[in-house]
Amino acid sequence: MEQSSIWLSILSYQSAISWLLIGSIVGVALLMGLFVFINGTSKLESGFTGRLIQRWSIRSVIVHWLGAIPCLVLIFTGVVIGAGKVIFEPGSTHWAAAVKLSSTLHELAVFPFIFGALLMVIMWWKKQLFKKYDIDWFIKAGGYINFGKKQHPEADFANGGEKLWFWVFTINFIILSATGLMLFFSEIAPAPENAPMVISLHIISAMIIGAFAIVHIFMATVISEGGLSNMITGKCDENWAKQHHNRWYKAINKNSNEVEKNG
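Numbering (my numbering), first residue to last: 1446 to 1708.
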């Protein structure tokens, strides 16, 4: 805990970092909310069929939440640690206690996050390789724009946006882990003159993951109708698969045993 106190004291004088942290999380959330307000959500054009397709294995669902829950804890506590001492009543004993608690929770979530994230990267990377048709997915904004002639671009098991999120997460996860472990263990801690650079790298990577995570959460819970069940039950509706991942649906549809009647 003595080690974390050193980094907290450095953060106390970095007001720009505090505003960037708030802006990256709150700003993206507001933009996504504005997008939904103007554009609306992406409904299933043919409705739900009631026929479910196994999209994720139970193991994959567990691994997802094993990485996602500590990731959310790290994002929330990271904002409090990075911004609390400067923006929220500087010097307040209440916020000092909140920062101290957040620092403890942040440290406790580190290794579960690293473990879960490593499993996700190892298990899923082969399905996240970009293909030529992913370019069209980005050009058509994934088919999520409701104005004009709506088009649903080609997508395999993972669409272009999901692949982008995966690789952005992977790259910044590596940076976060490396810098975080340097800040965690005094044996490999940076020299005092290098500490601000290490902290800045850590926070920039955290802001990128945090911003993308907000988009990911909005897509799964608000924008894409029927999307949330993917990572709760591991299954999706047949029409959801047809509309959002047509190439994957055509491939697995050859085996009719993968489609079951929702009873």
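Note that beta-carbon positions come from the ideal geometry of N, C-alpha and C, so glycine has one too.
* To do: Give me whichever residues DSSP pairs with S1487 in a beta bridge.
  => S1669
* To do: Please list the segments of the beta strand (DSSP E) lying wholly inside the stretch 1636–1671, counting only runs of 3 or more residues, in order along the chain.
  => none
* According to DSSP, what are the bridge partners of Q1713? -> This structure cannot settle anything about residue 1713, because the visible part of the chain is limited to 1446 through 1708.
* **Status (buried if at least 16 other CB within 10 Å, exposed otherwise) for P1598** => buried
* Three-way DSSP call (helix, strand, coil) for G1492 in this model -> coil
* Asked: If we ignore side chains and look at the alpha-carbon of each, how far apart do V1506 and L1673 end up?
  -> 12 Å
* Neighbourhood of G1679 by C-beta distance below 8 Å, restricted to the same chain and skipping five residues each side -> In the same chain as G1679, and ignoring 5 residues on each side of it, the C-beta atoms closer than 8 Å to its own belong to Q1499, R1500, W1501, S1502, I1503, S1505, V1506, in chain order.
* Cβ-based neighbour list, S1469, same chain, cut-off 7 Å, excluding 5 preceding and 5 following -> M1652, G1655, A1656
* Rounded to the nearest angstrom, how far is the Cβ of F1583 from that of G1561, given a contact under 8 Å? -> Rounded, the Cβ-Cβ distance is 28 Å, inconsistent with contact.
* To do: Determine contact between the stretch 1553–1573 and the stretch 1513–1532, defined as no fewer than three beta-carbon pairs at a distance below 8 Å.
  => A contact exists between the stretch 1553–1573 and the stretch 1513–1532.
* Reduced DSSP category for Y1589 - H, G, I as helix; E, B as strand; rest coil -> coil
* Straight-line Cα distance separating L1479 from G1671 -> 21 Å
* Whole angstroms is fine: what's the gap from F1602's alpha carbon to L1574's? => Between F1602 and L1574, the alpha-carbon positions lie close to 11 Å from each other.
* Does the stretch 1681–1697 come close enough to the stretch 1487–1495 to have 3 or more Cβ pairs within less than 8 Å? -> yes
* Asked: How many angstroms separate the CA atom of A1665 from the CA atom of I1526?
  -> 28 Å
* Asked: With a cut-off of 8 Å, do at least 3 Cβ pairs link the stretch 1609–1625 to the stretch 1563–1580?
  -> yes
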